[in-house]
Structure formats: C-alpha cells, structure tokens
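Novice:
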Ligand SMILES: [Zn+2]
Ligand SMILES: [Zn+2]
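Numbering (my numbering), first residue to last: 148 to 609.
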C-alpha cells in the first residue's frame with residue numbers, strides 16, 4: 148500500500164522560495180515554486196541578463212531551482228541525473244499560493260505538460276502582469292482553481308482556501324491523500340482589511356481536518372530580539388500597528404498637512420494599497436496620478452478608483468513616435484494624461500506615484516515642501532544596496548522620506564494564535580529565519596531537513 152511522503156526543497160530557513168513535494172503512489176503535488184531573493188547576493192542584479200530560452204539550465208546551475216525529477220523539459224536539462232517531465236511516469240501538478248516572486252518566480256521553468264494551478268484571481272492578476280511586461284521568464288499557460296472547490300491530482304485531493312495577504316488571490320491549500328491530510332498556509336496576515344477571511348479559513352480548515360500544518364513564520368525573530376509575550380497567542384491588533392485602513396488615514400492626514408507635492412512609492416501587486424492611496428488622495432482633495440503600468444492594474448481590479456496617468460519621458464516619447472502598445476492606447480482613451488508642467492503649476496494639488504525605477508522623473512517636478520511616502524515599494528530597506536541610492540537621490544532633491552508601511556505577514560502573536568487554533572498533531576514552520584521559535588500547542592514540531600523524505604503517517608504516530 149502507498150504512503151504519503153513529503154519532501155522539502157526550498158524555503159525552510161529563508162523568507163520565501165518554499166518548494167515542497169507531497170507524493171502518494173504515482174500522484175504528486177509540488178507547492179509554490181518561487182525564488183529566494185537577496186539583493187546583496189543576487190546574480191541577476193539587473194545588470195546580468197536572464198536568458199529566457201535557457202532559464203531551466205541557468206537557474207539549475209545557479210541553484211536557484213531544485214533538481215526535482217519529472218518537472219523540467221528534456222531539452223532544457225543538461226545533466227543526465229535529473230529525470231525529465233517526458234520520462235516521468237507519475238501524475239504531477241504544481242500549486243501556487245499567491246503571486247509574490249518568492250512563491251512563483253520560477254513557474255516559467257515548469258514543463259508545459261505539467262499543470263500549474265493558481266486561483267482564478269491570481270491568474271487574472273498574472274495575465275495583467277504579463278500584459279504590462281512583469282510576467283516571469285518562460286512561456287507556458289496556467290490553470291486556475293476556485294476557492295473552496297476541490298479538484299484531484301491523481302489520488303490527491305486539493306482544496307484552495309482563501310487567506311488574507313497583501314496581494315489578491317492568495318490562498319492556503321488543504322491536501323488530502325488516502326492516508327493523510329495536510330494544510331499549507333502560504334503567506335497570510337490578520338491585520339489586512341478583511342480580518343474575517345482568516346477566521347473563515349480557521350473554520351473551514353477545522354471542518355476539513357488535518358494531521359499536519361505547514362505554516363509560514365516570516366515575522367519570527369531571534370530569542371534575543373523577540374519579547375516572550377509576543378509568542379503568546381493573541382489575535383488582537385496592537386494600537387501602534389498600521390493596518391491597511393489606518394495606513395490610508397495616516398497618508399490622507401500627511402497630505403493635508405503638506406504644503407507641497409505628495410509622492411508615493413508602493414508595490415503595485417498590492418491592490419488594497421493602490422486603493423488606499425487613491426482614497427487618501429481623494430480625501431486630501433488631491434488628484435491622484437499613477438504610472439501607466441499601475442494604472443492598468445487599477446483599471447482592471449479597482450474600477451471605483453479615480454486617477455490620472457503620469458506622462459513620463461518614456462510615455463511622452465512613445466506617444467510622439469506613435470509606439471504605444473494596444474493596452475496603453477485603450478487606457479489613454481479612458482483616463483486623462485497629465486504632464487509635469489501641469490503638476491508644477493500647483494504641486495500641492497497632486498499625489499503622484501513614483502516607482503524607484505522612475506525616480507529620475509522627480510527631477511522635473513517641483514518637490515519643495517513635498518513629502519515622499521515610502522509604502523512597501525522597492526527598495527524595501529537598507530539591506531538593499533539600492534536603498535542608499537534612493538536616499539542619495541531624495542537628499543539631492545531635499546525631499547523628506549516618510550515610512551508608512553504595513554506588511555503582508557502575520558505578527559508573531561498572530562502566528563501563535565493561528566497555530567493554537569489549528570492545534571495540529573504535527574506543526575511544520577518554515578518561510579522564516581527562526582522557524583524553531585514557532586511551537587505547537589499540543590502536537591510535535593517538525594523542522595525538516597532539505598531533501599530528506601518524511602512519511603506523514605510515521606511522524607503523526609510517533
Ligand atoms: Zn512569501
Ligand atoms: Zn507573499
């Protein structure tokens with residue numbers, strides 16, 4: 148008789164890059180297929196080019212993706228010791244919990260014969276990202292699944308459950324084989340604008356039952372850094388914590404108090420944040436101006452938002468030379484374009500998005516007495532060499548940077564709350580620098596080793 152086997156290939160002690168294989172007989176699911184990214188050590192630092200037609204062998208060589216049998220195309224493999232997708236006999240699918248690069252950055256490496264599932268909302272977002280030039284390298288199509296709708300990969304039953312994270316379409320997976328039940332939480336938080344989603348998740352997970360829970364632990368800190376009380380289960384939101392809702396109120400207040408232009412830098416896969424910035428601008432009676440790529444996302448997912456499109460130098464040239472892409476033409480028919488001269492007539496009436504890659508555009512704007520709102524946009528912090536550049540440029544402009552951020556990950560006490568509520572027989576914390584700190588209420592903690600094969604039944608009955 149077959150047994151349920153689980154193997155870990157990535158993301159155990161890193162933030163992201165989680166790759167786990169769950170196998171039962173000839174059926175197998177691999178969940179999440181992202182890349183761990185560290186700007187200090189990344190080979191692809193923006194200078195070295197990615198070779199789109201050779202990503203599988205390049206990423207394997209750089210150890211950015213694991214040597215898993217039966218998922219890569221034969222032609223793309225150079226080494227003989229990895230079985231290709233063509234040669235593999237079992238049934239495989241890849242499951243993606245959400246569209247952050249640390250969970251999906253390498254999905255383009257998977258052979259097109261293997262389905263890669265993501266929620267319908269995630270797939271809609273992916274299609275839009277691809278349209279604006281932010282798809283991942285590799286050409287293939289993606290399959291969609293619905294929240295709460297189970298589907299089968301051979302003998303494994305998969306049920307996506309909605310969780311709250313700072314990107315739309317995020318889900319956890321409930322996985323059921325003939326002899327084991329597992330929950331993989333993906334990334335989540337309790338302080339988003341839909342806290343009820345996590346309570347519903349707990350409810351549904353309990354109904355479906357489980358032996359083991361694999362959970363993220365991004366916010367866990369070392370023993371020295373973390374006050375003990377923060378690892379006591381508590382689902383309350385601390386007063387000081389900026390929720391998406393509070394963040395919007397803070398930004399609106401800052402804009403009302405500022406006598407100059409408002410600039411903001413966000414990560415535009417976070418629709419709640421785009422929405423919050425639009426609302427904050429509106430509240431402060433300022434016109435919100437978005438970069439054209441972000442405008443396309445807002446147009447698709449936030450039809451209630453009002454905004455203008457920023458005429459960057461690049462966009463101006465494209466218009467002049469008649470080189471606009473179809474999606475850009477359609478967008479410009481619907482939303483007004485605004486140029487820098489117009490903004491400069493009265494900067495205090497505007498709230499303008501500026502991504503780091505476009506920071507030089509700020510040289511053309513009158514930014515005196517203005518405010519630069521850094522709200523989870525890249526570069527995220529001073530561990531990234533680009534952060535010093537950001538600071539250098541802002542200081543050249545004498546523009547004050549204000550940090551107004553809210554993360555996508557549950558606080559330590561919230562992680563413990565979820566763990567205690569679920570109270571599984573086996574808890575497997577990962578996606579964390581300190582996974583060992585997250586302890587189960589009654590069950591046992593498993594801190595797996597890379598490559599080792601674990602039998603779920605064995606661990607549960609130990
Ligand atoms: Zn992550
Ligand atoms: Zn994430």
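Just so you know, even glycine gets a beta-carbon here, dropped at the ideal spot from N, CA and C.
Since this is a predicted model, take the numbers as computed values, not measurements.
Tell me whether residue 479 sits in a helix, a strand or coil according to DSSP, three-state version.
Specialist: Mapped onto the chain shown, residue 479 falls at position 332. Helix at residue 479.
Novice: Hey, residue 248 and residue 320: beta-carbon distance below 9 Å or not?
Specialist: Taking the chain shown and counting its residues from 1, one reaches residue 248 at position 101. Taking the chain shown and counting its residues from 1, one reaches residue 320 at position 173. Cβ atoms of residue 248 and residue 320: not closer than 9 Å.
Novice: Counting along the chain, where does the alpha helix (DSSP H) carrying residue 561 start and finish?
Specialist: Numbered from its first residue, the chain shown carries residue 561 at position 414. Element bounds for residue 561: 559-569.
Novice: For a test of the three-state rule: what should DSSP assign to residue 148, helix, strand or coil?
Specialist: The residue you call residue 148 lines up with position 1 of the chain shown. It is coil, neither helix nor strand.
Novice: At a cut-off of 8 Å, is residue 185 close to ligand 2 when judged by its beta-carbon and the heavy atoms of the ligand?
Specialist: On the chain shown, residue 185 is found 38 positions in, with the first residue counted as 1. Because no heavy atom of ligand 2 lies under 8 Å away, the Cβ of residue 185 does not count as near it: no.
Novice: Do you know how far the Cα of residue 330 is from the Cα of residue 309?
Specialist: Residue numbering aside, residue 309 sits at position 162 when the chain shown is read from its first letter. Residue numbering aside, residue 330 sits at position 183 when the chain shown is read from its first letter. When rounded, the distance between both Cα atoms is 12 Å.
Novice: Quick check on the DSSP output: what are the complete alpha helix (DSSP H) runs of length 4 or more inside the segment 345-409, in order along the chain?
Specialist: Runs of the alpha helix (DSSP H) inside the segment 345-409: 391-404.
Novice: If you compare alpha carbons, which of 469, 300, 258 is closest to residue 322?
Specialist: If you number the chain shown from 1, residue 322 lands on position 175. The residue with the shortest Cα to Cα distance from residue 322 is 300.
Novice: Just to confirm, does residue 312 get its C-beta within under 8 Å of one of the non-hydrogen atoms of ligand 2?
Specialist: By 1-based counting over the chain shown, the position of residue 312 is 165. Checking every heavy atom of ligand 2 against the Cβ of residue 312, one is found closer than 8 Å.
Novice: Skipping 5 residues on each side, what residues in its chain have a beta carbon closer than 8 Å to that of residue 333?
Specialist: In the chain shown, residue 333 corresponds to position 186, counting from 1. Closer than 8 Å at Cβ, skipping near neighbours: 179, 244, 245, 250, 310, 312, 317, 318, 319, 320, 363.
Novice: Would residue 376 and residue 557 be called neighbours here (beta carbons separated by less than 9 Å)?
Specialist: Sequence index remark: in the chain shown, residue 376 carries index 229 (1-based). Sequence index remark: in the chain shown, residue 557 carries index 410 (1-based). Contact flag unset, no.
Novice: Kindly examine ligand 1 and report whether one of its heavy atoms sits closer than 8 Å to the Cβ of residue 538.
Specialist: Residue numbering aside, residue 538 sits at position 391 when the chain shown is read from its first letter. For ligand 1, not one heavy atom lies less than 8 Å from the Cβ of residue 538.
Novice: Measure the C-alpha to C-alpha separation of residue 512 and residue 161 and round it to an integer number of angstroms.
Specialist: Within the chain shown, the letter at position 365 stands for residue 512. Within the chain shown, the letter at position 14 stands for residue 161. Straight-line Cα distance between these residues: approximately 40 Å.
Novice: Residue 455 bridges to which residues according to DSSP?
Specialist: For the purposes of this step, residue 455 is taken as residue 308 along the chain shown, with counting starting at 1. Residue 455 is bridged to 436.
Novice: Could you give the DSSP three-state label for residue 235: helix, strand or coil?
Specialist: In the chain shown, residue 235 corresponds to position 88, counting from 1. The answer is coil: DSSP assigns residue 235 none of H, G, I, E or B.
Novice: Indicate, with yes or no, if ligand 1 has a heavy atom lying under 8 Å from the CB of residue 249.
Specialist: Within the chain shown, the letter at position 102 stands for residue 249. Yes, since a heavy atom of ligand 1 falls inside the 8 Å radius drawn around the Cβ of residue 249.
Novice: Nearest CA to the CA of residue 433: which residue from 482, 326, 449, 405?
Specialist: Residue 433 sits at position 286 when you count from the first residue of the chain shown. Here the closest residue by C-alpha is 405.
Novice: For the beta strand (DSSP E) that residue 602 lies in, which residues bound it at each end?
Specialist: Sequence index remark: in the chain shown, residue 602 carries index 455 (1-based). That run of the beta strand (DSSP E) goes 600-602.
Novice: Assign residue 328 to one of three DSSP states: helix, strand, or coil.
Specialist: For the purposes of this step, residue 328 is identified with residue 181 of the chain shown, where counting begins at 1. Of the three classes helix, strand and coil, the one that applies to residue 328 here is strand, per DSSP.
Novice: Do residue 195 and residue 224 have their beta-carbon atoms positioned less than 9 Å apart in this structure?
Specialist: By one-based count along the chain shown, residue 224 stands at place 77. By one-based count along the chain shown, residue 195 stands at place 48. The answer is no: Cβ separation not under 9 Å.
Novice: With distances taken between CB atoms, is the gap from residue 307 to residue 294 smaller than 9 Å?
Specialist: The residue you call residue 307 lines up with position 160 of the chain shown. The residue you call residue 294 lines up with position 147 of the chain shown. Their beta carbons are under 9 Å apart, which means residue 307 touches residue 294 by this criterion.
Novice: So, with DSSP's three-state summary, where would you put residue 308?
Specialist: As a working mapping, residue 308 is identified with position 161 in the chain shown. Correct three-state label for residue 308: strand.
Novice: Put residue 607 into one of helix, strand or coil per three-state DSSP.
Specialist: By one-based count along the chain shown, residue 607 stands at place 460. It is helical.
Novice: Can you tell me where the beta strand (DSSP E) with residue 542 in it begins and where it stops?
Specialist: Within the chain shown, the letter at position 395 stands for residue 542. First-last for residue 542: 532-543, but that is the alpha helix (DSSP H), not the beta strand (DSSP E).
Novice: Express the C-alpha separation of residue 401 and residue 416 in angstroms, rounding to a whole number.
Specialist: The residue you call residue 416 lines up with position 269 of the chain shown. The residue you call residue 401 lines up with position 254 of the chain shown. Cα-Cα distance, rounded: 24 Å.
Novice: Measuring straight from C-alpha to C-alpha, what distance separates residue 399 and residue 279?
Specialist: Here the question's residue 399 lines up with position 252 in the chain shown. Here the question's residue 279 lines up with position 132 in the chain shown. Roughly 29 Å separates the two Cα atoms.
Novice: Could you tell me which residues DSSP puts in a beta bridge with residue 318?
Specialist: Stepping through the chain shown from its first residue, residue 318 is reached at position 171. BP columns for residue 318 point to 309.
Novice: Answer yes or no: the CB of residue 205 versus the heavy atoms of ligand 2, is any distance below 8 Å?
Specialist: Within the chain shown, residue 205 is the residue found at index 58, counting from 1. Checking every heavy atom of ligand 2 against the Cβ of residue 205, none is found closer than 8 Å.
Novice: Classify residue 521: buried if its beta carbon has 16 or more other beta carbons within 10 angstroms, exposed otherwise.
Specialist: What you label residue 521 is simply residue 374 of the chain shown in a count that begins at 1. Buried, by the Cβ-count rule.
Novice: When every heavy atom of ligand 1 is checked, does at least one fall within less than 8 Å of the C-beta of residue 453?
Specialist: Looking up residue 453 in the chain shown gives position 306. No.
Novice: Would you report the Cα separation of residue 427 and residue 453, rounded to the nearest angstrom?
Specialist: As a first step, residue 427 must be located in the chain shown, where it is residue number 280. As a first step, residue 453 must be located in the chain shown, where it is residue number 306. Each residue's alpha carbon lies about 11 Å from the other.
Novice: Could you tell me which of 237, 588, 240, 252 sits nearest to residue 184, measuring between CA atoms?
Specialist: In the chain shown, counting from the first residue as 1, residue 184 sits at position 37. When each option's Cα is compared against that of residue 184, the closest is 252.
Novice: With DSSP run on the structure shown, which of helix, strand or coil describes residue 621?
Specialist: Here the chain has residues from 148 to 609 only, and residue 621 is not among them.
Novice: What does the alpha-carbon distance come out to for the pair residue 273 and residue 341?
Specialist: Here residue 273 refers to the residue found at position 126 when the chain shown is read from its first residue. Here residue 341 refers to the residue found at position 194 when the chain shown is read from its first residue. Their backbone Cα atoms lie some 22 Å apart in a straight line.
Novice: Quick one: is the Cβ of residue 162 within less than 8 Å of any heavy atom of ligand 1?
Specialist: Start at 1 with the first residue of the chain shown, and residue 162 comes out as number 15. Yes, Cβ of residue 162 sits closer than 8 Å to a heavy atom of ligand 1.
Novice: Only counting runs of 4 or more residues, tell me where the alpha helix (DSSP H) segments fall wholly within the segment 246-271, in order along the chain.
Specialist: For the segment 246-271, whole alpha helix (DSSP H) runs of length 4 or above, ordered along the chain, are 248-251.
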